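A short worksheet on the structure shown next.
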Amino acid sequence: MVKRYWLFKSEPETFSIQHLMIMANQVSPWDGVRNFQARNFLRDDVKLGDGVFFYHSSTKETGIVGICEVVRAGYPDRTAFDPSSPYFDMRSTAEKPLWYCVDVKFVRKFSRVILLSELKQHLPTATMMVCRRGMRLSIQPVTADEWQAALKLAGK
DNA sequence: GCCAACGTTGGC
DNA sequence: GCCAACGTTGGC
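Numbered according to our numbering, the first sequence spans residues 19 to 174.
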């Protein structure tokens with residue numbers, strides 16, 4: 019089984035890499051995703067052991083802030099069942115879950131943010147989905163080449 | 001705060 | 001099944 023790579027977006031005000039770092043065992047569900055294309059990735063394609071870039075969006079410095087790892091593959095997102103959750107969706111039931119999540123574990127926080135502007139400037143990373151204008155998908159596949167190239171930028 | 005881009009909803 | 005209206009995302 020080939021290890022795959024992903025980029026997960028989050029608004030740091032809602033959930034940042036710092037939040038993940040202080041969770042028990044530094045593990046958290048990646049829940050609240052309410053977009054069908056992203057849901058399909060979480061349900062069908064994101065697998066145990068996959069690498070994930072943690073991306074901060076809608077903030078001063080938008081970009082990749084670190085790495086985490088998938089420690090549990092797709093399972094029903096329980097926030098959809100919880101009427102008190104902002105992510106509640108009455109269409110989703112235990113018998114027929116509509117929304118899915120995975121669990122991620124913190125691996126590393128970069129010493130600096132790899133800015134979106136940097137990703138766009140360098141060719142190996144400029145092909146990343148996140149660099150595309152108007153790209154709102156919050157769960158994005160990343161190629162092995164893009165992963166390596168972005169990691170290189172982090173080391174600079 | 002603006003607004004382009006896009007996903008979803010719902011009337012027909 | 002089309003598509004206009006609407007709501008949301010998210011960079012700038």
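Even glycine gets a Cβ: it sits at the ideal position worked out from N, Cα and C.
These numbers were taken from a predicted model, which means no experiment stands behind them.
- Unbroken beta strand (DSSP E) stretches of 3 residues or longer found wholly inside the stretch 39-118: 45-48, 69-74, 81-94, given in chain order.
- Per the DSSP secondary-structure output, V125 pairs with nothing in a beta bridge.
- Distance between E31 and S76, taken at the CA atoms: about 9 angstroms.
- Following the DSSP letters along the chain, one finds K21 in no beta strand (DSSP E), marked with neither H nor E.
- Here V51 is near L60, since their CB atoms are less than 8 angstroms apart.
- In the DSSP annotation of this structure, the continuous segment of the beta strand (DSSP E) that includes P159 starts and ends at 157-160.
- For S28, the three-state secondary structure derived from DSSP is strand.
- The stretch 20-28 and the stretch 146-160 touch, with three or more beta-carbon pairs separated by less than 8 angstroms.
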